[in-house]
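Counted the way my numbering counts, the sequence shown spans residues 873 to 1832.
For glycine and all other residues, C-beta sits at the position ideal for the given N, C-alpha and C.
Remarks on the structure that follows.
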Amino acid sequence: MFRSPPLVQYIFSDRAAHFKAHWSRHRLETSRSVMNSLLVIALLPLALLGPGMAFVSIGGGASTHVSITGTAILQKVRETCQAVAEKNGYEFNPTGSSPEELVQACLGPTATGEVSGAKFHSALQEIYAQNGLVDRDFVNSAPHHFNSEAFLEGRSLITQGMVAIKANVHNENFQAARTTLGRALHTLQDFYSHSNWVELGYTKPYSNLINPGLPLDNLADVNTPTCSNCDSASGTCPNQLLPNILKDKKLTSGYMGVFSSVKPKGKCSHGGAADRTSKINPQGGISKDERHQDNLAFHNAAVQAATDASLELLQDLRLAVGDSNFLRMMGIARSSVLCFVIDTTGSMSDDIEEARSVVYQIIDAYKGTQDEPSEYILVPFNDPEFGPMIRTTHVDKMKEEISKLTASGGDDEPEMCLSGLQLALTGAPSSSDIYVFTDALAKDIELKDTINALISSTKSKVSFFITTPFSRRRRSLRAASFDDYKDIALTSGGQAIHVSKSELSQATDIILDTSTSALVTVLQRARNPGTQETFPFTLDESLKNITIYITGRSITFTLTNPAGVTQSQSEASGKLGTIQTVGNLHRIRFNSEKQAGNWQININSNQPYTLKITGQSTITFIYDFVESFAGPHPGYAVLSGRPQEGQSATLILSVMGRRGPSSMTAEQVSLAKVSGPESFSNGVLTQMDNGEILVTVEAVPKGEFVVVVKGTDKVSNSQFQRQSNTQMSLSKVKIQAVVDSSVEPGQTFKLPFSVMTQSSGGKYSISARNDRKFPMIFPNELTLVTGQYANATLTITPPASTQSGTDVTLTIDAQSSNGVDSNYAVLRLSVVTKITDFIQPLCKVVSVQDNKCPHDLSQCGHFQWGLSANITDGNGTGIESISLHQGNGTLTYTSLSAPIIVANYNASCCSQTVEIIAVDKVGNVGKCYQSIARSGVPPALTLSLPLWICLLVSAFLVRP
């Protein structure tokens, strides 16, 4: 297999040195010819910087699954952004090579505001990580790697994956789509390295691999010998394939044995030290994973074919889901998401009206800017009902839905708050800001551990607006209280704001502050009990709209700038900023954006309080806690739960700036406690070749901690400080589980999982929840022996009526009998209806009317041409959409429900090509292409300046 992405994969560092020797056997090197786009060359090392993608730079270094995937994705993203720009009448012209600059150019250069590349980075990392996890989770599965001639099974994995991706995107479940995309691309790319496709002389992708309606031809059967023996000392030979295999163009692949050396007689092996079959005649291997003198040409051809095949798969997805959704899947969207979870019980009329007002304010204030939310999410809750979750990208739809909310019911006061919040956390994109409005305690407090697990998994922030005194005490340890909301807010990096109903309109200004793009946290701390303390913090020149939030009662504070100028809480409008106090919230908005330097704030209170300092900046970081794994392709994988206690913590981190990671220097990465006395544990930083950072922290703080990054912005030569929002803690419990496929509606899905503890053994309680309330069966407890895994199985059955493309978030929790230790695993399942329609819609041009178009192109603007096409899906699922992929004319068509749909296209004779795309209801794509360009007269080479002027004029004349 091509070398996997090391997040998952192999990370060159002092800590990973013991992996390096084994790793080198699986390296793929590539030439510059793979990089056919200058922009892709520039962007690739930057876009692959996310957690653990430590590949050697493109252009002469090693090639990996990451570099192949990244080359294809970035090229396809660039093409899509270009098409969107042309359609919307603006130029796509990135000012530089960083992801931030690519996102800015793609979202539109005229939109004001800061643009962060973090969402784009994070989306790419999800794809790369899942790509590489195929080497860990399916190491011995021949179909996942096209080993052992498992062609039909391997093709099935790809096509089933494509069906799931399209269904997920149709339901706007983009994270689930990215997960499956990474896996499908890994298997597709392995075909070209592990089979003899390129040895047979083929240079183009094998398109039948992504089209199950076409046969896989000329496969070598199990009894056909395919290779000669290779007895060289190196274990590699120029070409082991038998002459008759090459002559008859029989398709084969190498047999791979991780645990066994058995293979059919005369068959090729995969090769390499990890392949036990490679020592059995015929010895050697036909894998092109490594670049060496014996297979240099084949290796380069395999890399190129794998890249082209990845582009082909991505293009099919793009055409099926449309440009907008394709870019959203790739994380090309404004970073702000507006997500409200609203109590709709009888006493909430005023709160609902205020939430409605805030939504309208944000829509009106941010329209046309980079701060305009890319998505609106609304989750109502009552008792006993909650939901449904409403998601939309359209402002009118959000206005309509929130205007429907009315207050009724809920007379017994505690409400289903956490159930509504669970829907929001599983439905909103990662790193969203979620705002909860309520005046009641949580009736479903048993969900608190699940909520905390989802917060850690999604890194979303949750803020509460509570409009009731909450003076009662807990009835029991598991009874709800206001402290539960404060705990959840603090864990997520949000805030719990406690005000009267009459004060709520003032408190919601914080939503306007935080519903913006490129929002970063400089510092967050909490003290319980309260104490007098001075908190230093550093502001850099990139920060704008700097705001300090303090929550608590009976508080005094003094803010001091780098020049020694001070302002206290009693000065509502002072030299440093304006102070607003409402309920338990104190909000300090800085007067000037030019505030770089070392600041401090002294806070004094004997009551609990929290402090948070935020601003807008493109300087940010993304990170993941990881663990190492062994095997033929060892590396690092993202943790789905808490890191293990009793060992060092490892994380992969990327810092991004105004001009990408190369414009930043990270000098200190620490794990810091948010609550209690200040405590920092500095990590050992290993700078990777691509700018990524491997951080190892030996002495991890006890309790909950966050990640703090300090460094230098090279653009302004100023010091910066950033902090993660989500708190993390250690655990001696570990849960392992892998979702290996989608599940069909009405069918029972079995999920094996394992639990282990490094603490004392005994009985551990097991709980599991899913956000769709699908029925599940699992053991309520397991008996653990220290250091040994206990195995169990969970079954989940989506109802037969479940819509294809539904995403299910499943949380498994294991807790010791004394409640001292616990851990969790958060998994995602896709419910996908079994597809039997794999036939592409048929689009056939039946007439072309171009006789009026002149041979003299200087006159083209005065004439029109057109065509008529028939589109049908035969006995398939029916046509879902028809659109233009190329062409600047007008497309009309008859009813989509008709057996034969007649499409008509008309355009200026200056627009000489058209491509019509027909997509059926399961995502199969059909195409019509027509060009009226006169043979022998390449228009692009003969246009004179007057003709260009003519074209520009005609473009305006034919605009609809």
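Residue burial annotation: Ile1649 is exposed, with fewer than 16 other C-beta atoms found within 10 angstroms of its C-beta. The residue from Gln1404, Thr1438, Val1334 and Glu963 with its alpha-carbon nearest to that of Gln1479 is Gln1404. CA-to-CA, the gap between Asp1316 and Asp1356 works out to about 11 angstroms. DSSP, read as helix, strand or coil, puts Leu1326 in helix.
Of all alpha-carbon atoms in Pro1077, Leu1186 and Pro1015, the one lying nearest the alpha-carbon of Gly1054 is that of Leu1186. Taking a C-beta distance under 8 angstroms as the contact criterion, Ser1535 and Ser1603 do not qualify as a contact pair. It is roughly 7 angstroms from the alpha-carbon of Thr1393 to the alpha-carbon of Gly1487.
Residue pairing by DSSP puts Lys1545 in a beta bridge opposite Phe1577. In the structure shown, Gln1367 adopts coil according to DSSP, grouped into three states. By the Cβ-count criterion, Glu1564 is buried, with 16 or more other Cβ atoms from all chains shown falling within 10 Å of its own Cβ. Under the 8 angstroms Cβ criterion, the stretch 1795-1802 counts as touching the stretch 1715-1732, having at least three qualifying pairs. If only uninterrupted beta strand (DSSP E) runs of at least 3 residues are considered, those enclosed by the stretch 1581-1616 are 1590-1595 and 1605-1609. Closest by C-alpha distance to Gly1218, out of Asp1255, Asp1180 and Gln1233, is Asp1255. Secondary structure at Gly1469: strand, using DSSP grouped into helix, strand and coil.
Counting along the chain, the unbroken alpha helix (DSSP H) around His993 starts and ends at Ala990 to Asp1009. Counting along the chain, the unbroken alpha helix (DSSP H) around His1042 starts and ends at Phe1023 to His1042. As the crow flies, the alpha-carbon of Ser1150 is around 40 angstroms from that of Thr1620.
Exclusion of the five residues before and after Asp1180 leaves Pro1077 as the residues of its chain whose Cβ lies within less than 6 angstroms of its Cβ. Judged by DSSP secondary structure, Lys1271 falls outside any beta strand (DSSP E) and instead within the alpha helix (DSSP H) spanning Val1267 to Ser1275.
Going by C-alpha positions, Asn1068 is about 24 angstroms away from Arg1008.
Between the alpha carbons of Thr1453 and Ala1296 lies a distance of about 29 angstroms.
Excluding residues up to 5 positions away in sequence, Thr1490, Ile1491, Ser1535, Met1536, Asp1585 and Val1587 lie with their Cβ nearer than 7 angstroms to the Cβ of Gly1529 in the same chain.
Taking the Cα positions, Gly1033 is about 20 angstroms away from Ile1668. Take the alpha-carbon of Phe1592 and the one of Gly1469: they are about 9 angstroms apart.
DSSP places Met1628 in no alpha helix (DSSP H) but in the uninterrupted beta strand (DSSP E) bounded by Phe1621 to Thr1629. According to the DSSP secondary-structure assignment, Gln976 is paired through a beta bridge with no residue. Shown here, Ile1117 sits in a helix according to DSSP, grouped into three states. With a threshold of 16 other beta carbon atoms within 10 Å, Lys1135 meets it and is buried. DSSP places Gly1798 in the uninterrupted beta strand (DSSP E) bounded by Val1797 to Ser1803. Inter-residue distance for Thr1658 and Ile1327 is about 29 angstroms (C-alpha atoms, whole angstroms).
Straight through space, the alpha carbons of Leu1199 and Ala955 are spaced by roughly 11 angstroms. Gly1487: member of the beta strand (DSSP E) spanning Tyr1481 to Gln1488, first to last residue.
Going by C-alpha positions, Val1209 is about 12 angstroms away from Val1267. Secondary structure at Met1288: coil, using DSSP grouped into helix, strand and coil. The beta carbon of Leu1763 sits closer than 6 angstroms to those of Leu1756 and Tyr1777, all from its chain and outside the five residues before and after it, given in chain order. Around Gly1292, the same chain offers Val1213, Val1251, Phe1253 and Phe1258 as residues with beta carbons nearer than 6 angstroms, after the five sequence neighbours per side are excluded.
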